[in-house]
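Residue numbers (full-length UniProt numbering): 1 to 154.
As structure tokens, this is what we get:
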């Protein structure tokens, strides 16, 4: 008999309410998602320590491997603006339970902010939340970056 795999849900012990500004931004990005193939739209909004907010939507492509997730789009916008970390991220979808970042996104998020809060929410108000490191417990970072920012290995 093979045991069933157990996938822990990252959750906080107390109910979490998404930040209203980030939730509205993630919803707005969700409405702009380009998902003609899957019809699975996702929006994301993140905040940097200095208060700037960046948004992203998933963008599909006929060559599926070239698609970009909403979380990746938000991180790319943040990095393009010169920011290198974020404190909070809201991911919005109509999935039930709320869609959480994929594996690739989890590693990308970990690169910039392993201790950031992630709140995944859907149109029904259901929430799954935790820290980036809860979503990717064995994420890694390299010791050296060439952009002048200190990086500690995990």
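Positions of the beta carbon are idealized from the N, C-alpha and C atoms, including for glycine. Model, not experiment: these values are computed from the prediction.
Under the 8 angstroms Cβ criterion, the segment 78-93 counts as touching the segment 35-50, having at least three qualifying pairs. Cβ atoms of residue 84 and residue 112 come within 8 angstroms of each other, at about 6 angstroms.
The C-beta distance from residue 119 to residue 16 rounds to 6 angstroms, short enough to meet the 8 angstroms contact threshold. In this structure residue 53 is in contact with residue 22, their Cβ atoms being roughly 7 angstroms apart against a cut-off of 8 angstroms.
For residue 65, no alpha helix (DSSP H) encloses it, and the DSSP letter there is neither H nor E. Residue 66 and residue 51 have their C-alpha atoms some 31 angstroms from each other. In the three-state reduction of the DSSP assignment, residue 112 falls in the helix class, which pools H, G and I. If only complete runs of 3 or more residues are kept, the UniProt domain "CMP/dCMP-type deaminase" (17-143) shows the beta strand (DSSP E) at 42-47, 53-57, 88-93, 117-122 and 127-131, in order along the chain.
With a contact defined as Cβ atoms closer than 8 angstroms, residue 136 and residue 110 qualify at about 5 angstroms.
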